[in-house]
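Notes follow the structure.
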Amino acid sequence: MNVIDQSGILAISTRLQRLADQIRKEGQEVYRLHGIDFEPKWFPVIYTLHHKPLLSVVEIANEIGYAHPSTISLLKELEAKKLIQSRKDKTDTRKRMIQLSDKGRQLVTRMLPVWSLIAEAITDMTNTSNNLLKAIGEVELQMEQHSFLDRAKALMDAKKSV
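No gaps in the numbering here: position 20 of the sequence shown is 20 in full-length UniProt numbering, and each next residue is one more.
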């Protein structure tokens, strides 16, 4: 066991990042085994546009929970790969509307069975007595109600007043 693993809750962010990196890396291998050239980091945008075919940049950022600059960066990559296309909004020309291109829709069609396989494999891996997905949802809810920063500040204030 390494120092990070031994540090317990203090390294939760590092351990979650490490887990996410491993899942992304192996997910990319699953795509490759199916002859699909796809970066797992593109998944949130492609999946969102598959379910909501026409969205603005801001709407995509809100849907995937990424900051606007991170979303723009992903969209530029996807546009360079010709998986998405954009156009100006008819009512507000400052707004860019994004949708899957024909190539993007064809890719999604090829990926649907792979997504089912990935979901099944990850469900098998995470469906433990401490179900990871449920635990993540619970922590996200806790953070919505009272952020990590607010909790740390409250603890600092409580220690100052003792």
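For glycine and all other residues, C-beta sits at the position ideal for the given N, C-alpha and C. Since this is a predicted model, take the numbers as computed values, not measurements.
Exposed unless 16 or more other CB atoms sit within 10 angstroms - verdict on residue i
{"i": "D19", "result": "Looking at the sequence shown, residue 19 is not Asp but Leu. Classification for L19: exposed."}
{"i": "V45", "result": "buried"}
{"i": "M156", "result": "exposed"}
{"i": "L141", "result": "exposed"}
{"i": "I12", "result": "exposed"}
{"i": "F148", "result": "exposed"}
{"i": "M1", "result": "exposed"}
{"i": "M143", "result": "exposed"}
{"i": "M125", "result": "exposed"}
{"i": "T109", "result": "exposed"}
Cut-off 8 Å between Cβ atoms - residues of its own chain near residue i, not counting five sequence neighbours on either side
{"i": "P53", "result": "Q99 and L100"}
{"i": "residue 166", "result": "Since the first residue of the chain shown is 1 and the last is 162, residue 166 is not available in this structure."}
Cutoff 6 Å; reference residue i; Cβ partners in own chain excluding five residues on either side
{"i": "L74", "result": "V45"}
{"i": "R96", "result": "V57 and S86"}
{"i": "A61", "result": "H68 and T71"}
When the options are compared against residue i, the one with the closest alpha-carbon
{"i": "E63", "options": "F43, A152 and M143", "result": "F43"}
{"i": "H51", "options": "G104, L10 and R15", "result": "G104"}
{"i": "K81", "options": "K88, D102, A61 and Q17", "result": "D102"}
Inter-residue spacing [alpha-carbon to alpha-carbon] between residue i and residue j
{"i": "G8", "j": "Q85", "result": "45 Å"}
{"i": "I136", "j": "I122", "result": "14 Å"}
{"i": "P113", "j": "E79", "result": "24 Å"}
{"i": "L83", "j": "D21", "result": "23 Å"}
{"i": "N130", "j": "K153", "result": "29 Å"}
{"i": "V162", "j": "Q145", "result": "26 Å"}
{"i": "residue 163", "j": "I36", "result": "The requested residue 163 does not occur in the structure, where the chain is confined to residues 1 to 162."}
{"i": "Q106", "j": "T128", "result": "35 Å"}
{"i": "R24", "j": "Y47", "result": "15 Å"}
Three-state secondary structure (DSSP) of residue i
{"i": "L33", "result": "helix"}
{"i": "L100", "result": "strand"}
{"i": "S116", "result": "helix"}
{"i": "K88", "result": "strand"}
{"i": "S56", "result": "strand"}
{"i": "G8", "result": "helix"}
{"i": "A154", "result": "helix"}
{"i": "A67", "result": "coil"}
{"i": "P39", "result": "The question names Pro, but residue 39 is Glu in the sequence shown. DSSP places E39 in coil when its eight states are reduced to three."}
{"i": "N2", "result": "coil"}
{"i": "L141", "result": "helix"}
7 Å CB neighbourhood of residue i in its chain, flanking five on each side removed
{"i": "R151", "result": "none"}
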